[in-house]
Each structure stands twice: as C-alpha cells, then as structure tokens.
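J.: Position in the sequence shown (first residue = 1) + 218 = the working numbering. Ideal placement from N, C-alpha and C gives every residue a C-beta, glycine not left out. Bear in mind the structure is a predicted one, so any value in this text is a computation, not a measurement. Handing you a structure now.
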Amino acid sequence: MLRKHGVVGKFVEFYGDGLADLPLADRATIANMSPEFGATCGFFPVDEVTLGYLKLSGRSAEQIALVEAYAKAQGMWRKPGDEPVFTSTLALDMSTVEASLAGPKRPQDRVALPQVPQAFNAATELELGSQKNKREAKSFTLNGQQHELHSGAVVIAAITSCTNTSNPSVMMAAGLLAKKAVEKGLKTKPWVKTSLAPGSKVVTEYFNSAGLTPYLEDLGFNLVGYGCTTCIGNSGPLPEPIEQAIKAADLTVGAVLSGNRNFEGRIHPLVKTNWLASPPLVVAYALAGNMQVDLTKDALGAGQDGKPVYLKDIWPTGKEIAQAVEEV
Numbered sequence: 219m220l221r222k223h224g225v226v227g228k229f230v231e232f233y234g235d236g237l238a239d240l241p242l243a244d245r246a247t248i249a250n251m252s253p254e255f256g257a258t259c260g261f262f263p264v265d266e267v268t269l270g271y272l273k274l275s276g277r278s279a280e281q282i283a284l285v286e287a288y289a290k291a292q293g294m295w296r297k298p299g300d301e302p303v304f305t306s307t308l309a310l311d312m313s314t315v316e317a318s319l320a321g322p323k324r325p326q327d328r329v330a331l332p333q334v335p336q337a338f339n340a341a342t343e344l345e346l347g348s349q350k351n352k353r354e355a356k357s358f359t360l361n362g363q364q365h366e367l368h369s370g371a372v373v374i375a376a377i378t379s380c381t382n383t384s385n386p387s388v389m390m391a392a393g394l395l396a397k398k399a400v401e402k403g404l405k406t407k408p409w410v411k412t413s414l415a416p417g418s419k420v421v422t423e424y425f426n427s428a429g430l431t432p433y434l435e436d437l438g439f440n441l442v443g444y445g446c447t448t449c450i451g452n453s454g455p456l457p458e459p460i461e462q463a464i465k466a467a468d469l470t471v472g473a474v475l476s477g478n479r480n481f482e483g484r485i486h487p488l489v490k491t492n493w494l495a496s497p498p499l500v501v502a503y504a505l506a507g508n509m510q511v512d513l514t515k516d517a518l519g520a521g522q523d524g525k526p527v528y529l530k531d532i533w534p535t536g537k538e539i540a541q542a543v544e545e546v
C-alpha cells in the first residue's frame, strides 16, 4: 500500500482511532519496516500506550512522567480525535487486515494465507513454461528413513532476528503454537531445516520463563545464535541427501522465515522461492512441510490419535498470548 503510493524520502506518521488498539510492540514492528516500504522513517506519536510500555519495561515513575510532559510540551502527544495536517494521507480499515505472507521473491508481494498455494504454483508455472508444475518427486534417505521430496517442499523454516523477534506477542504465539502442536503429537517434516536466531537474549529468557523452550526444541527450533543468520544467507548447507534430491529433480522448493528480505537465492542458492511470515506461521509451515498446503483448510499432519490436525486446532487465542506475555 505504501510502496504503491510512493513514500521514498518521506516521513510516514501513523494516525487515527485504530492506534488506541495497536500495542506498542506492533507499532515498533511496523515502524522498523520503513526500509521495506521505502520511507525515511515510520513514526507513531506518543500516547498512553507508549507510557504503558515504559511501565511494563521497568522505567521509573519519574522518567515516565518526564516523557509524558515532554511529549505534550512539544505537541507530540496523541489525543483521540486529533487529525494533524499532512502532505498526503492514506486510509487503512484495520478490520480488513488478514494473515499473509510475502513472496516468492520480493518483500512487497503480499499473498493472503489461503492464496499461497496458488501463488507458488503461478510462480512455478512461469518458471517452467509449458512443463508447468509437473516435476516428479524425488526419493531420498535421511537418518535411515526413506522420504519423498516434492515441488513446493519447505526445506528451511527459520525464526530469524529481523523485526519480528522484537515483538513479544508474535514470539509467544510461536512458542504457544509449538506447545499445542507437540501436545497433539505433530512433528516437523524431516526435510525441513529449522532454526531459532532471535535478535537478543531477552527472547530466549522469556521463552525459558514461559516454559516454551522445550516445545520449540522438540520441533527443531533450537537456538543457533543471536543476530543475522538465515535472513542474510547464513542458513548453512542443507543435509546432503536433500541437496542431491533438489538437484537431481530440479525441484522448486521453498524457505519460510520471519525476516524482511526474500530475493531469489538470498536464503540458499538451491531455494528458489522464499516466503516472509510471522514466527507462528514459520512453525506452522515447518509442520506442513510444503508451500502447496493451504493452512486455512488442509491438515498439518496426523496427531497421536491418528486424526488430522489443522492450524485452527493449535493456533493460540489472543487471550492466551496476552496472558503469556504478561506472565513473563
């Protein structure tokens, strides 16, 4: 939306009644993506939500009072109903916001979650021309077990340090989803290379505090370090049998990461489609194992009782996420 409007060299301020319901962590996530929408900066005015975050993060009452007084004195305090004068404006109905990914090759190519299989197939058809999406699956052996690798296979699922790991709500959502998945008996598909590389030790501390680390590790999301890893191409090699299978069948496979960049070949030279997603969706795609799975209606796998388990069965509620964040 912002790229289409054209905001290069501009300051983008977010305003409107909807801000009152937007947590500070979400504001920070949006503002931190100003390079992705092309602006010089993204700015949210100071308000009660800001002060609430300062209190939550341990700032003193004196410091919080000073911030409030300064913002009001400088005319930077947001008042409900105020509409500042801007050079130009855009309107977004927040009720229209839906779960989405970006891909397969550019961060601005938003795809609604139910449309991801079609987007993958369209990209593959464009690449293959008349062959369309007819590449055969390739068998491979990993850890003594035989599997088949299909077109669309998710071979990398990474919770990375870019933007999203500064947001405790989405990180807690990923941990809670992992917990529910493990309790249902779901497992990460064997061809998916998983990793957890948050931006700071604070993330692992609140995972540990919430008791979610064992569930993430059960699904293969082990801590590999702090800072830039998969997002800048430091995913490391795939298991050799998987690399050989991709090469032998010339398969178009995918990576799903909670980063900001997804240009072709950036994540791994053998991975042609790269999808940007929230941390809980990264976990979900590791369970599904293929970009051609519609997470809104297809099963992620079979539970320990043999029955199909769907994303809706393990997606944490807003109340569960808020409670987990508050408790840590």
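Helix, strand or coil for Ser357, going by three-state DSSP, please let me know.
T.: In this structure, Ser357 counts as strand in the three-state DSSP scheme.
J.: Need the endpoints of the beta strand (DSSP E) that His365 sits in, please.
T.: Residues Gln363 to Leu367.
J.: What would DSSP say about Trp533, mapped onto helix, strand or coil?
T.: Here Trp533 sits in coil by DSSP.
J.: For Gln364, count neighbouring Cβ atoms within 10 angstroms of its own Cβ and tell me buried if that reaches 16, exposed if not.
T.: The residue is exposed, with fewer than 16 neighbouring Cβ atoms inside 10 Å.
J.: Going by C-alpha distance, which of Ser379, Gly507 and Gly293 is nearest Lys419?
T.: It is Ser379.
J.: With DSSP run on the structure shown, which of helix, strand or coil describes Pro322?
T.: In this structure, Pro322 counts as coil in the three-state DSSP scheme.
J.: State buried or exposed for Glu401, treating a residue as buried only when at least 16 other CB atoms are found within 10 Å of its CB.
T.: Under this definition Glu401 is an exposed residue.
J.: Between the alpha carbons of Ala391 and Asp300, how many angstroms are there, rounded?
T.: The alpha-carbon atoms of Ala391 and Asp300 are separated by roughly 33 Å.
J.: Measure the C-alpha to C-alpha separation of Asp531 and Gly507 and round it to an integer number of angstroms.
T.: If I take the Cα positions, the gap works out to 17 Å.
J.: With DSSP as the reference, please indicate the residues paired to Thr491 in a beta bridge.
T.: Paired residues: Gly472.
J.: Give the single residue among His486, Leu395 and Leu434 whose Cα lies nearest to the Cα of Thr535.
T.: Residue Leu395 is the option with its Cα nearest to Thr535.
J.: Got a sec? Which residues, its chain only, sit under 8 Å from Pro253 by beta carbon, not counting five neighbours each side?
T.: Here the set comprises Asn478.
J.: Which two residues bound the contiguous beta strand (DSSP E) that contains Thr412?
T.: First-last of the beta strand (DSSP E) with Thr412: Lys411 to Leu414.
J.: Is Thr422 near Gly438, with beta carbons less than 8 Å apart?
T.: Contact: no.
J.: Would you mind reading off the limits of the beta strand (DSSP E) that contains Leu518?
T.: Element bounds for Leu518: Ala517 to Ala520.
J.: State buried or exposed for Met389, treating a residue as buried only when at least 16 other CB atoms are found within 10 Å of its CB.
T.: Buried: at least 16 other Cβ atoms inside 10 Å.
J.: Quick one: Cα of Ala540 to Cα of Ser387, how far?
T.: The alpha-carbon atoms of Ala540 and Ser387 are separated by roughly 7 Å.
J.: Measure the beta-carbon distance from Ala289 to Val264 and round it to whole angstroms, keeping in mind my assumption that it falls under 8 Å.
T.: Going by Cβ atoms, the distance from Ala289 to Val264 rounds to 4 Å, so yes, they are a contact pair.
J.: Can you tell me whether Gln165 is buried or exposed, with buried defined as 16 or more other CB within 10 angstroms of its CB?
T.: Lying outside 219 to 546, the shown extent of the chain, residue 165 is not represented and no answer is given.
J.: Check each candidate in Trp409, Thr342, Ile374 and Thr491 and name the one with the smallest Cα separation from Thr359.
T.: Of the candidates Trp409, Thr342, Ile374 and Thr491, the one whose C-alpha sits nearest the C-alpha of Thr359 is Trp409.
J.: Arg277 bridges to which residues according to DSSP?
T.: None, per the DSSP bridge assignment.
J.: Check for me: the alpha helix (DSSP H) holding Glu461 runs from which residue to which?
T.: Looking at the DSSP string, the run of the alpha helix (DSSP H) that includes Glu461 is Glu458 to Ala467.
J.: When the Cβ atoms of the segment 430-444 are set against those of the segment 515-534, are three or more pairs found closer than 8 Å?
T.: Contact fails: fewer than three Cβ-Cβ distances are below 8 Å.
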